[in-house]
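Chains A and B are the protein sequences, given in the same order. Residues 1 to 121 in my numbering are what the first sequence lists, from first letter to last. Residues 1001 to 1121 in my numbering are what the second sequence lists, from first letter to last. All C-beta atoms, glycine included, are put in the ideal place defined by N, C-alpha and C. Fair warning: this is a prediction, and the values are worked out from it, not measured in the lab.
Number of protein chains: 2
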Amino acid sequence: MTRQRELILGILSQSDRHLTADEIFFLAKLKMPTIAMATVYNNLNAMNEAGVIHRIRVDGGADRFSAVSEPHDHLLCDECGKLTDIRLPKLKVELEKQIHSPVDSYDLVIHTLCPACRRKK
Amino acid sequence: MTRQRELILGILSQSDRHLTADEIFFLAKLKMPTIAMATVYNNLNAMNEAGVIHRIRVDGGADRFSAVSEPHDHLLCDECGKLTDIRLPKLKVELEKQIHSPVDSYDLVIHTLCPACRRKK
DNA sequence: GAAAGAAATAGAATAATTCTAAAATCATTA
DNA sequence: TAATGATTTTAGAATTATTCTATTTCTTTC
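What follows is the structure, given as structure tokens:
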């Protein structure tokens, strides 16, 4: 656990949004101006592999990262692009029942309108 | 519907795998050597927007495309990387029940071992 | 405090995708 | 059929996200 890794993890933990590597790099630079982009990626990859953070790919953009370590799912608002975490604890078992095989893990992004955007319609 | 678009759609329809833009480009070139990569992307994007084909993003690699128009889900084998379609018709309703909101659509990739790889373990 | 190993840095390299400008194709109307 | 305008394709440059590489800086241990 280097200072850089600590910084990056801190940034992710404190953010309620899911950040791109670029955003993390920018925020990290504010606190540690010498940090390099490769360091950000190195650490994001390492922590992702270790399961400490989570990488999520969304259509039309860079990968996002979040510090939430518990498995969880995602709501994506197609109107404003906001990405929210949601926990569907029963889903894994449900999926295993449906495919008749053990599920290692899964990635789920649900497209829906966020409450704010729904109200505007 | 240009000749190029027809060709690309044909390639996708006839493939049982999910192809990358690169693979589609290669296959298209065999039939129409003058076709350009940009044309492949133009058409893939257009057809994806129109809902005729489906783009799917998988960790660590290029986007894949498939012609299957019905909504469906994906099984990804973490061992050999094989990506298979699966239909879970009840899931959408199940999700709507759980999030208490209408679900526009959703993307699901289930990580599991394919039968072949499971046998080898 | 020197040596060894691990991680960080800077910048080049790669891969996937998009953009741009010119040429080709197509459909429509004169 | 010729002219017109719109759309699409083409080729290659440009961009974006990410990884790689070689060198430097930190840590840790002796």
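Outcome for residue i when other beta-carbon atoms lying within 10 angstroms are tallied against a minimum of 16
i: L1030(B); result: exposed
i: T1112(B); result: buried
i: F25(A); result: buried
CA nearest to the CA of residue i, picked from the options
i: T1084(B); options: S1066(B), A1021(B) and Y1041(B); result: S1066(B)
i: V1068(B); options: L1012(B), D1107(B), A1116(B) and C1114(B); result: L1012(B)
i: A50(A); options: G60(A), E70(A) and D59(A); result: E70(A)
i: D107(A); options: K97(A), C117(A), C114(A) and H72(A); result: H72(A)
i: P115(A); options: Q1014(B), G1081(B), M1001(B) and P1102(B); result: P1102(B)
i: K82(A); options: V52(A), D59(A), M1(A) and K97(A); result: D59(A)
i: C1117(B); options: N1045(B), Q1014(B) and C1080(B); result: C1080(B)
Residue j beta carbon less than 7 angstroms from that of residue i
i: H54(A); j: V109(A); result: no
i: V1040(B); j: A1062(B); result: no
i: N1043(B); j: R1005(B); result: yes
i: I64(A); j: H100(A); result: The identity of residue 64(A) in the sequence shown is Arg, whereas the question assumes Ile. Not closer than 7 angstroms, so no.
i: A38(A); j: L7(A); result: no
i: R119(A); j: R1057(B); result: no
Inter-residue CB distance, residue i and residue j (contact presumed, cutoff 8 angstroms)
i: D104(A); j: D1078(B); result: 6 angstroms
i: M1047(B); j: L1076(B); result: With 8 angstroms as the limit, M1047(B) and L1076(B) do not qualify as a contact, their Cβ atoms being about 23 angstroms apart.
i: E94(A); j: E1094(B); result: 7 angstroms
Heavy atom of the ligand NAD within 6 angstroms of residue i beta-carbon
i: C77(A); result: Annotation note on the ligand NAD: not contained in the displayed structure, which lists no ligands.
- Three-pair Cβ contact test at 8 angstroms for the stretch 89-101 of chain A versus the stretch 33-47 of chain A: no
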